[in-house]
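Using our numbering, the letters of the sequence shown correspond one by one to residues 646 to 1064.
Inspection log for the structure reproduced underneath, given as structure tokens.
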Amino acid sequence: MSWAGLLPELQTLILGRLEVADYLRFAAVCRSWCSTVAERPCLPKPQIPWLMLSDSTRDPDTRRFFSRPDQKMYKIHLPEIHGRGCIGSSEGWLFTTDEVSELHALNPLTGASLAFPSVTTFSDVAGAIRDSDGRITDYILLVDELGEVPYELEHMRWCYYFRAILHPSSAVVAVIHGGFNDLAFARAGDESWTELQPPQPLTFMDIIFRKGLLHALSTSGALMVFDLDAPGSPMVTCVAGPDSEMSKRGRYKQRYLVESPDGEDVFQVWKDTHWFLMDGNRRQRGYAMFPDDARMAVDFAIFKLDERRKDWSEVEDLGDVALFLGRSRSMALSTREFPELTSSCIYFTNDYTDGDIMGPGGKRDVAAFNLKDASCQRYDSRLTDSEWNWPPQIWIEPSLLLPQICSLQVSSHDEASAG
């Protein structure tokens, strides 16, 4: 029997075990296999995130994605995001901002594209400043005691949206935005963003959808949960406040919220990045140093939620779990399912975007922090320093899933391929 005669049921079983790149190649084998992909769509198994590298200087319409499982670099033609800033990802979608700071999303494998309510519908955006030709040059933001403050367009484009995530199965997008990291969300078809107000003002650092609810982590370590489907306005609950030990860790500037692979546990991860002028390899107290041309030191603290007691406890080992942290949706994967990953390891990108901190010429490392011995290694030594520039790199889960939010779809193309 030829491969073309393989039963469709067996073809479907094969599809379910493939990496995304091989899934896309599957349809090119023969007409029979192509028909199976079209008629019996079967999503590939969960994937190790690809790493989207900084912009290619040779071809601004092409973006490069590094796949760790097959150790390959894929180039995907994405003219749709030419000139846009890529600020994060969620559920296989890249979030981008255009020349006037409007938020969009693109699935680089399917070409599906999403548009969201205008930036001018956020409650803290009072208006826009235009030049004599009518082009927007600045936005006016409402900043508490300062009143109306002008923000340059380029700063808005890169820094206004701190985090954006999609619900994995419904038409909802949630964002952390503005100068005080406020929360907002929108549903498919909404013409404006809906602000989410906690009982007292909080500055949020990360958000995830878990068990159908929006979980939001504040700078203090408090965890708020929003039921966006509650009758009337969204309902908010404080699930856990900050632990007393957290207040002693003031140097940790970044916070991440992540759900365990089995969905049973929730962790918050605190990260401290400290920059040094280096005289070669050395280790600073309390920090893991990068080997070779060390440019920064990094340290992590991890806290696990006790939902019954509504508090946090510090953990020093994640067991058979690896984390992926950065500008994207925070992710956890089982190292039993993905043995190519290191247990109790944090794979992270340097997710600073503020030019005052790094600048477009700054080098941004992508590395793996081993919690067991507090060591740091480059994510892949074959990727040179030229890969670590502006803008920051982004983890993205390669996905062919088209959720209900695609009712917002505005375009698609057939050119994206991983071959």
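Backbone N, C-alpha and C fix where the C-beta goes; we use that ideal spot for every residue, glycine too.
The segment 790-799 touching the segment 755-769, judged by at least three CB pairs closer than 8 Å: no
Whether A825 touches T839 by CB criterion (8 Å): Counting from one through the sequence shown, the residue named residue 825 turns up at place 180. Counting from one through the sequence shown, the residue named residue 839 turns up at place 194. Contrary to the premise, residue 825 reads as Phe rather than Ala in this sequence. No. Outside cutoff.
Euclidean distance between Cα positions of L787 and G908: The residue you call residue 787 lines up with position 142 of the sequence shown. The residue you call residue 908 lines up with position 263 of the sequence shown. Their backbone Cα atoms lie some 38 Å apart in a straight line.
3 or more residues per run - each beta strand (DSSP E) lying fully within the segment 821-889: 827-832, 839-841, 849-855, 858-863, 868-872, 880-885
Assigned secondary structure, L754 (DSSP; H/G/I helix, E/B strand, else coil): Your numbering for residue 754 matches position 109 in the sequence shown. It is coil, neither helix nor strand.
Reduced DSSP secondary structure (H/G/I, E/B, other) of Q929: Start at 1 with the first residue of the sequence shown, and residue 929 comes out as number 284. Note that Q929 has pLDDT 49, beneath the 50 cutoff, so the model's placement of it is unreliable and the number below is only indicative. DSSP places Q929 in coil when its eight states are reduced to three.
Beta strand (DSSP E) segment containing R775, residue limits: As a first step, residue 775 must be located in the sequence shown, where it is residue number 130. Counting along the chain, the beta strand (DSSP E) containing R775 begins and ends at 770-775.
Beta-carbon contacts of D965 that lie in its chain and below 7 Å, excluding the five residues immediately before and after: Position 320 of the sequence shown, counted from the start, is the residue given in the question as residue 965. So the list reads S979, T980, R981, S988, once near-sequence residues are dropped.
Straight-line gap, V770 to L748 (C-alpha atoms, nearest Å): The residue labelled residue 770 in the question sits at position 125 within the sequence shown. The residue labelled residue 748 in the question sits at position 103 within the sequence shown. Between V770 and L748, the C-alpha separation is close to 14 Å.
Identified DSSP bridge partners for S734: Position 89 of the sequence shown, counted from the start, is the residue given in the question as residue 734. Partner(s): L739.
Selection from S777, I785, Y1024, E1042 that minimises the alpha carbon distance to Y992: Within the sequence shown, residue 992 is the residue found at index 347, counting from 1. The candidate whose alpha carbon is nearest that of Y992 is Y1024.
Member of F710, L655, K856, D917 whose CA lies at the smallest distance from the CA of I1039: Counted from its first residue, the sequence shown places residue 1039 at position 394. Looking at the Cα atoms, F710 is the closest of the given residues.
Burial state of L655 (16 or more Cβ within 10 Å): Residue 655 sits at position 10 when you count from the first residue of the sequence shown. Under this definition L655 is an exposed residue.
Residues of its chain near F807, where Cβ-Cβ distance is below 6 Å and the 5 sequence neighbours each way are ignored: As a first step, residue 807 must be located in the sequence shown, where it is residue number 162. So the list reads I821, N826, once near-sequence residues are dropped.
Integer Cβ distance of V914 from L950, believed to fall under 8 Å: For the purposes of this step, residue 914 is taken as residue 269 along the sequence shown, with counting starting at 1. For the purposes of this step, residue 950 is taken as residue 305 along the sequence shown, with counting starting at 1. No, V914 and L950 are not in contact; Cβ-Cβ is about 12 Å, not under 8 Å.
Given P844 as reference, the closest of H860, A833, G823, M869 once Cα atoms are compared: Reading the sequence shown from its first residue, position 199 is the one you call residue 844. Closest by alpha carbon: M869.
Beta strand (DSSP E) segment containing E797, residue limits: By 1-based counting over the sequence shown, the position of residue 797 is 152. Its beta strand (DSSP E) spans residues 792-797.
Nearest residue (CA-CA) to M801, options L986, C731, S1020: Taking the first residue of the sequence shown as position 1, residue 801 is located at position 156. Checked all of L986, C731, S1020; the closest Cα to M801 is C731.
For T918: DSSP bridge partner residues: In the sequence shown, the residue the question calls residue 918 occupies position 273. The partner list for T918 (beta bridge, DSSP) reads V943.
Inter-residue Cα distance where the pair is I1041 and V1011: Taking the sequence shown and counting its residues from 1, one reaches residue 1041 at position 396. Taking the sequence shown and counting its residues from 1, one reaches residue 1011 at position 366. Computed Cα separation, rounded: 14 Å.
Cβ-Cβ separation, L873 to V817 (assumed contact under 8 Å), whole Å: Taking the sequence shown and counting its residues from 1, one reaches residue 817 at position 172. Taking the sequence shown and counting its residues from 1, one reaches residue 873 at position 228. That belief holds up - the Cβ atoms of V817 and L873 are roughly 6 Å apart, short of 8 Å.
Selection from S746, D835, K1017, F871 that minimises the alpha carbon distance to I785: If you number the sequence shown from 1, residue 785 lands on position 140. Answer by Cα proximity: S746.
Given A967 as reference, the closest of S865, M976, D778, D1018 once Cα atoms are compared: Taking the first residue of the sequence shown as 1, we reach residue 967 at position 322. Comparing Cα positions, the closest option is M976.
Status (buried if at least 16 other CB within 10 Å, exposed otherwise) for Q692: Residue 692 sits at position 47 when you count from the first residue of the sequence shown. Q692 comes out buried.
Own chain residues within Cβ distance below 8 Å of V960, not counting five before or after: Walking along the sequence shown from the start, residue 960 turns up at place 315. Excluding positions up to five away in sequence, the list reads F912, I947, F948, K949.
Endpoints, the beta strand (DSSP E) within which D783 is located: Indexing the sequence shown from 1 puts residue 783 at position 138. Its beta strand (DSSP E) spans residues 781-788.
H749 (DSSP reduced to helix, strand or coil): By one-based count along the sequence shown, residue 749 stands at place 104. In the structure shown, H749 sits in a strand (DSSP, three-state: E or B).
Helix, strand or coil at L1045 according to DSSP, with G and I counted as helix: Within the sequence shown, numbered from 1, the residue matching residue 1045 stands at position 400. Coil.
Own chain partners of I1002 with C-beta closer than 7 Å, once the 5 adjacent residues on each side are dropped: Position 357 of the sequence shown, counted from the first residue, corresponds to residue 1002. Interpretation of I1002 is limited by its pLDDT of 43, a score under 50 that renders its predicted location unreliable; the figure taken from the coordinates is listed afterwards. Hits under 7 Å: none found.
Rounded separation between N1015 and E952 - CA only: As a position in the sequence shown, residue 1015 is number 370, starting the count at 1. As a position in the sequence shown, residue 952 is number 307, starting the count at 1. So the alpha carbons of these two residues sit roughly 27 Å apart.
Per DSSP, the bridge partner or partners of S712: To locate residue 712, count along the sequence shown from 1; it is residue 67. The partner list for S712 (beta bridge, DSSP) reads K717.
Where A867 falls, given that 16 or more other Cβ within 10 Å makes a residue buried: For the purposes of this step, residue 867 is identified with residue 222 of the sequence shown, where counting begins at 1. Under this definition A867 is a buried residue.
D778 - DSSP class collapsed to helix/strand/coil: The count along the sequence shown starts at 1 and reaches residue 778 at position 133. Note: D778 maps to coil in three-state DSSP.
Distance between P906 and P887 (C-alpha atoms, nearest Å): For the purposes of this step, residue 887 is taken as the residue at position 242 of the sequence shown. For the purposes of this step, residue 906 is taken as the residue at position 261 of the sequence shown. In a straight line, the C-alpha of P887 is about 24 Å away from that of P906.
Rounded C-alpha distance that separates R775 from G792: Reading the sequence shown from its first residue, position 130 is the one you call residue 775. Reading the sequence shown from its first residue, position 147 is the one you call residue 792. If I take the Cα positions, the gap works out to 20 Å.
Cα-Cα separation between D884 and L828, rounded to whole angstroms: Here residue 884 is taken as the residue at index 239 of the sequence shown, counted from 1. Here residue 828 is taken as the residue at index 183 of the sequence shown, counted from 1. It is Val, not Asp, that sits at residue 884 in the sequence shown. Distance between the alpha carbons of V884 and L828: 17 Å.
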